[in-house]
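As structure tokens, the structure follows; a few thoughts come after it.
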Amino acid sequence: MARVVIVSNRVPLPNERGARAGGLAVGLSDALKDGGLWFGWSGEISKTTHNPVRKVEAAGVTYATIDLCQEDYDRFYVGYANSTLWPLLHFRLGLIDFKREDLEGYFSVNRTFAAALALELQPDDVVWIHDYHLIPLGAELRRLGVRNRLGFFLHIPFVPASLFAALPQGETLLRAFLAYDVVGLQTEEHRRDFLDAVKQVLGIEPDADGQLVTASGISRAIANPIGIDARGFAAMATKAERSVETKRLLSSLVGRDLVIGVDRLDYSKGLPNRFTAFGKLLQNYPEHRQKVSYLQVAARSREDVSEYQALRRELDRKAGNINGRFAEFDWVPLRYMTRPVNRNLLAGFYRAARVGLVTPLRDGMNLVAKEFIAAQDHNDPGVLILSRFAGAAEDLAEALIVNPYDPDEITEAMHQALIMPQTERQDRMAHLRARVFTSTAEAYCRNFLAALAA
Ligand code: GDG
22 MARVVIVSNR
32 VPLPNERGAR
42 AGGLAVGLSD
52 ALKDGGLWFG
62 WSGEISKTTH
72 NPVRKVEAAG
82 VTYATIDLCQ
92 EDYDRFYVGY
102 ANSTLWPLLH
112 FRLGLIDFKR
122 EDLEGYFSVN
132 RTFAAALALE
142 LQPDDVVWIH
152 DYHLIPLGAE
162 LRRLGVRNRL
172 GFFLHIPFVP
182 ASLFAALPQG
192 ETLLRAFLAY
202 DVVGLQTEEH
212 RRDFLDAVKQ
222 VLGIEPDADG
232 QLVTASGISR
242 AIANPIGIDA
252 RGFAAMATKA
262 ERSVETKRLL
272 SSLVGRDLVI
282 GVDRLDYSKG
292 LPNRFTAFGK
302 LLQNYPEHRQ
312 KVSYLQVAAR
322 SREDVSEYQA
332 LRRELDRKAG
342 NINGRFAEFD
352 WVPLRYMTRP
362 VNRNLLAGFY
372 RAARVGLVTP
382 LRDGMNLVAK
392 EFIAAQDHND
402 PGVLILSRFA
412 GAAEDLAEAL
422 IVNPYDPDEI
432 TEAMHQALIM
442 PQTERQDRMA
452 HLRARVFTST
462 AEAYCRNFLA
472 ALAA
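Below, the structure is given as structure tokens:
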């Protein structure tokens with residue numbers, strides 16, 4: 022069997038699998054269950070510009086990482102990746118802060134990664150590259166003569182061609198996708214938008230299978246939704262239910278219902294509207310006052326990007342407002358924390374919750390929605406409130422689906438969830454669980470690698 026090589030911007034090193042292990046690290050571990058190589062940035066910023074590849078081995082997997090220098094970090098990571106591509110591909114043109122030197126830095130880091138990775142590759146390796154930081158990596162590898170199967174997966178949404186047109190020199194970026202044998206997107210909608218942009222911007226018409234035929238080869242675009250290790254997460258939640266911390270959480274609630282939200286502190290996650298909606302719930306439905314507590318875990322992220330600092334200030338203000346207005350001496354309505362919580366504890370907290378709030382303005386998939394579902398007790402499950410603009414909504418129709426731009430709609434859904442009879446909760450959750458336990462991380466890896474081998 023061919024060796025699998027995973028490439029991602031941040032490599033989750035074996036010794037870092039603590040509090041923050043989640044999402045990608047867990048989702049991709051199935052692809053490397055028979056060993057392989059994981060290549061990418063170490064997360065370290067070095068003082069020099071020429072950085073060697075460092076390697077560690079664990080459970081048959083080689084983790085090969087490279088540091089970035091400050092200038093690369095500023096231009097490639099903070100600049101182009103997170104201040105141009107991230108807002109663009111989340112439909113937020115107004116938040117784009119484009120600079121030509123950032124674009125140059127982005128391509129330059131991709132060239133550096135390609136040069137370092139090419140030296141590690143064996144002829145039969147199957148290379149699977151992840152996410153928006155590394156779109157040009159495949160083309161740079163091809164330029165160096167790499168002939169291996171190359172696949173790419175975009176974890177975030179793709180936008181309609183009319184929005185993509187706003188990206189300066191977008192044509193170059195879009196052309197870079199054609200270096201891959203397979204381009205994976207989270208949903209059918211993202212796949213359609215991607216193919217349409219290729220058609221509008223590059224004038225290349227896909228065939229009926231979504232294949233893009235060019236002089237340099239054939240690329241195929243597939244929709245392949247990412248999932249979670251549902252069984253593993255469910256087992257973790259059942260165990261965590263008996264943990265000291267979950268018991269502490271439950272005893273602090275003194276019988277009140279728990280509403281939970283877990284997100285990276287990111288403007289794509291729709292947190293301000295969610296806070297507004299919770300304030301309106303307490304305002305419009307006084308029967309819920311003192312009967313419900315909302316815990317929002319919003320782990321700080323990308324603090325070097327100014328938009329994220331502004332969001333944090335906004336949420337601090339909103340949280341203070343809600344608690345100032347509605348708190349009683351023995352009840353705090355909103356518990357808001359920006360420190361990360363250990364994954365085991367999160368599993369127990371999801372299980373303890375009556376309502377899970379997942380209301381991003383846009384999201385490639387959203388794994389929190391799937392984790393919340395996997396963690397539920399099927400006899401007495403909670404209710405998931407889910408944004409129609411999360412990729413996960415394509416497959417999870419039995420959640421209470423909301424428009425995250427309308428706080429009143431979120432308020433109504435919260436009220437409906439809090440009063441929903443047990444039989445309806447069971448019924449909805451049974452459908453959702455069937456989906457989450459089938460469309461798993463394992464299936465995601467298997468499908469992508471099969472498409473890449475084809
Ligand atoms: C991108 C796309 C796509 C969150 N807070 C803590 C914590 N988390 C974990 C969650 C979950 C993961 O982080 C977040 O995954 P999401 O999917 O919700 O969102 P992004 O980080 O934006 O991920 C997204 C994903 O890639 C995968 O393709 O679904 O659309 O944007 O696993 O549990 N984990 C711990 N402590 C926290 O405080 N341990």
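Take any residue in the sequence shown, note its place counting from 1, add 21, and you have its number in the working numbering.
Idealized CB from N, CA, C, for every residue including glycine.
Every value quoted in this text rests on a predicted model; they were computed, and no experiment measured them.
The stretch 80 to 92 makes contact with the stretch 53 to 71: 3 or more CB pairs, one atom from each, lie closer than 8 angstroms. For residue 367, the CB falls within less than 7 angstroms of some heavy atom of the ligand GDG. In this structure residue 323 is in contact with residue 329, their Cβ atoms being roughly 5 angstroms apart against a cut-off of 8 angstroms.
Just so you know, the alpha carbons of residue 64 and residue 325 end up roughly 14 angstroms apart. The Cβ atoms of residue 142 and residue 28 lie no closer than 8 angstroms to each other. The shortest CA-to-CA distance from residue 270 to any of 197, 286, 372 is the one to 372.
In this structure, the straight-line span from the alpha carbon of residue 139 to that of residue 103 is close to 26 angstroms. In this structure, the CA atom of residue 122 is about 27 angstroms from the CA atom of residue 166. Set against 7 angstroms, the gap from the CB of residue 247 to the closest heavy atom of the ligand GDG is smaller.
For residue 105, no beta strand (DSSP E) run applies, since DSSP gives it neither H nor E. About 13 angstroms separates the beta carbons of residue 290 and residue 178, which is beyond the 8 angstroms limit, so they are not a contact pair.
Here residue 59 is not near residue 87, since their CB atoms are 8 angstroms or more apart.
The closest heavy atom of the ligand GDG lies 7 angstroms or more from the beta carbon of residue 416.
Rounded to whole angstroms, residue 137 and residue 85 show a C-alpha spacing of 10 angstroms. Annotated as distal: residue 250 and residue 241, with beta-carbon spacing of 8 angstroms or more. It is roughly 26 angstroms from the alpha-carbon of residue 217 to the alpha-carbon of residue 248. When beta bridges are read from the DSSP output, residue 194 appears opposite no residue.
Between residue 376 and residue 450, the gap from beta carbon to beta carbon reaches 8 angstroms or more. When secondary structure is reduced to three states using DSSP, residue 435 falls in the helix class.
Each residue's CA atom was taken as its position, placing residue 374 and residue 309 some 15 angstroms apart. By the Cβ-count criterion, residue 144 is exposed, with fewer than 16 other Cβ atoms from all chains shown falling within 10 Å of its own Cβ. Residue 350 counts as exposed, since fewer than 16 other beta carbons sit within 10 angstroms of its beta carbon. Using a C-beta cut-off of 8 angstroms, the stretch 185 to 204 makes contact with the stretch 155 to 164, since at least three inter-stretch Cβ pairs fall below that distance. Scanning the stretch 133 to 162 from its first residue to its last, the whole beta strand (DSSP E) runs of 3-plus residues come out as 147 to 151. Taken in chain order, the unbroken stretches of beta strand (DSSP E) that lie wholly in the stretch 204 to 273 and span 3 residues or more are 232 to 235, 238 to 244. Nearest neighbour of residue 285 by Cα position, chosen from 362, 314, 232, turns out to be 362. The beta-carbon separation of residue 114 and residue 182, rounded to 14 angstroms, does not stay under the 8 angstroms limit for a contact.
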